[in-house]
Amino acid sequence: MHSYGFALYCCQHIGTEETLGREKPRIIIFSGKGGVGKTTAAAATALRCAENGLKTIVISIDIAHSLSDAFQPEIDLHDHNRGQRRQINDNLWIQEVDIQEELDRHWGEVSKYLAALLGKSGITNVLAEELAIIPGMEDVVSLLYINQYYKEKTFDVIVIDCAPTGESLRFVSMPSTLEWYMKKIFKLERNLLKAARPIAKRFTDIPLPEDAYFASIGNLFMRLEGVDEVLLDREVTSVRLVTNAEKMVVRETQRAFMYFCLYGLVVDAIIVNRLFPQSLQDSYLKDWLCTQQRSLKQINEIFDPIPIRKVNILEDEVVGLEMLSKMGAQIYDEIDPSAVMHQDTVYRIDRSEDGFTLRIKLPFVTKDHVDLFQEDGDLVVRIGSFKRHVFMPRVLVGRKPGRASLENSILSVAFPGPA
1 MHSYGFALYC
11 CQHIGTEETL
21 GREKPRIIIF
31 SGKGGVGKTT
41 AAAATALRCA
51 ENGLKTIVIS
61 IDIAHSLSDA
71 FQPEIDLHDH
81 NRGQRRQIND
91 NLWIQEVDIQ
101 EELDRHWGEV
111 SKYLAALLGK
121 SGITNVLAEE
131 LAIIPGMEDV
141 VSLLYINQYY
151 KEKTFDVIVI
161 DCAPTGESLR
171 FVSMPSTLEW
181 YMKKIFKLER
191 NLLKAARPIA
201 KRFTDIPLPE
211 DAYFASIGNL
221 FMRLEGVDEV
231 LLDREVTSVR
241 LVTNAEKMVV
251 RETQRAFMYF
261 CLYGLVVDAI
271 IVNRLFPQSL
281 QDSYLKDWLC
291 TQQRSLKQIN
301 EIFDPIPIRK
311 VNILEDEVVG
321 LEMLSKMGAQ
331 IYDEIDPSAV
341 MHQDTVYRID
351 RSEDGFTLRI
361 KLPFVTKDHV
371 DLFQEDGDLV
381 VRIGSFKRHV
391 FMPRVLVGRK
401 PGRASLENSI
411 LSVAFPGPA
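Going by full-length UniProt numbering, the first residue of the sequence shown is number 1, and it counts up by one from there.
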């Protein structure tokens with residue numbers, strides 16, 4: 001049997017500057033349930049990379065924005081540097097995306113139209129501007145910065161501090177969602193409204209978007225070109241899931257792992273945060289110690305062979321460079337924090353005499369949980385409330401899917417016909 005391998009998405013080497021230590025910039029995405037210590041783990045990782053001489057930036061796309069608090073608690077409560085990057089030391093920068101600032105930079109025509117539309121409903125101008133923020137704008141803006149920094153090779157390492165799990169999944173699904181919209185809807189919608197605009201103006205004062213609105217969206221999409229390939233390049237991008245040794249949090253981590261696999265991203269480490277040291281002798285915490293050890297055993301069994309990095313609860317809150325450095329040393333010890341710690345196979349196409357078989361890794365799923373169907377020539381995989389459009393590589397275009405099976409966490413879809 002011949003194999004097309006797993007590199008269905010190849011990342012082109014584009015750039016204008018030389019990086020300090022890497023052929024390609026490295027992207028590490030941190031995700032996890034709210035409150036597990038995801039931001040401090042991301043910050044500690046970024047600091048550890050910087051201490052190793054790598055030019056590093058950590059970008060927060062969590063609207064709560066506690067990244068600057070982790071590094072410099074003396075910074076003003078609402079000072080996010082207008083969404084621009086802030087230098088921490090010689091090799092380290094942080095950036096907290098400010099969507100209000102980004103509206104003017106990247107979404108001018110779009111937000112202007114939405115504000116005008118809301119204004120027609122009687123909402124005040126100030127409130128209309130606030131409400132004109134579409135869910136997902138923060139994700140698109142963050143992707144713009146990732147794509148820019150990657151192509152320009154501004155940094156050796158780009159660490160992404162995502163919002164809690166659900167929003168993280170929206171972030172990683174955004175490139176395929178935008179690609180679907182641009183391919184299937186954008187041109188049709190633009191042409192229809194171009195024809196309808198003169199007629200609509202005679203009958204209603206509700207504004208229809210002008211062509212500048214569509215030009216703005218088209219320009220944004222052009223600037224995002226290639227970011228999906230960057231996120232799916234296993235040599236460049238990986239996800240690190242932060243969890244606690246508690247049953248509810250572990251189950252959330254399982255779901256996150258499954259959905260990241262659905263979207264084609266590789267999880268290269270699980271970071272178990274806030275463990276009580278076994279040497280701790282305290283009758284009050286006896287049950288907690290037992291619970292954590294039981295959950296830790298489960299984590300090792302569930303996620304094997306993915307590396308499990310354990311972090312004991314520190315003597316004080318993890319705030320400031322000194323404590324972040326201690327946490328980074330615990331997580332990584334002698335390991336290079338920028339290395340891809342585990343490579344897994346997420347996609348694969350096999351060829352045989354009967355045709356082709358597409359294989360997708362879907363852990364923790366039974367066949368009853370998976371819906372598989374075709375929509376406008378795309379293969380769509382749905383698990384619960386999440387779905388992914390799997391754009392067909394050229395060898396599968398025009399072929400109809402046949403039998404599908406799910407064995408050993410691998411979804412196999414046959415595409416029969418001459419190979």
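Ideal Cβ placement from N, Cα and C applies to all residues, glycine included.
ask   = Just the Cα atoms here: how many angstroms apart are T40 and F71?
value = 9 Å
ask   = Quick one: is residue 484 buried, meaning 16 or more other Cβ sit within 10 Å of its Cβ, or exposed?
value = Any answer about residue 484 is impossible in this case: the structure gives the chain only from 1 up to 419.
task = Assign D139 to buried or exposed, taking buried as 16 or more other Cβ atoms, counted over all protein chains shown, within 10 Å of its Cβ.
result = buried
request  = Determine the contact status of D268 and V340, defining contact as a CB-CB distance below 8 Å.
outcome  = Closer than 8 Å, so yes.
ask   = Run through DSSP, which three-state label would I185 get?
value = Of the three classes helix, strand and coil, the one that applies to I185 here is helix, per DSSP.
inquiry  = Using CA atoms only, rank isn't needed, just tell me which of K33, I302 and K367 is closest to D62.
reply    = It is K33.
inquiry  = I'd like the list of long-range same chain contacts for V230, defined as Cβ closer than 8 Å, with 5 residues on each side in sequence excluded.
reply    = C11, I27, I146, N147, Y150, V236 and T237
request  = Pick helix, strand or coil for residue 433, following the three-state DSSP scheme.
outcome  = Coverage of the chain is limited to positions 1 through 419, which leaves residue 433 absent and any answer about it impossible.
ask   = Mind checking whether the beta-carbon of V370 lies closer than 7 Å to any heavy atom of the ligand ADP?
value = With respect to the ligand ADP, the structure offers nothing, as it holds no ligand at all.
message = Please report the distance separating the alpha-carbon of F30 from that of E152.
response = The alpha-carbon separation between F30 and E152 amounts to approximately 22 Å.
Three-state secondary structure assigned by DSSP to Q87 = strand
request  = Work out the CA separation of V249 and K367 for me, nearest whole Å.
outcome  = 24 Å
key: Rounded Cβ spacing between R85 and Q95 (contact assumed at less than 8 Å)   = 4 Å
Range covered by the beta strand (DSSP E) that runs through I313 = Careful: I313 lies outside any beta strand (DSSP E) and carries neither H nor E.
request  = Closer than 6 Å by C-beta to S173: which residues in its own chain qualify, once you throw out the five before and the five after it? Chain order, please.
outcome  = Y263
inquiry  = Helix, strand or coil for S325? Go by DSSP, reduced to three states.
reply    = helix
ask   = If you count every other CB in all the chains shown that lies within 10 Å of the CB of C162, and 16 or more means buried, which is it?
value = buried
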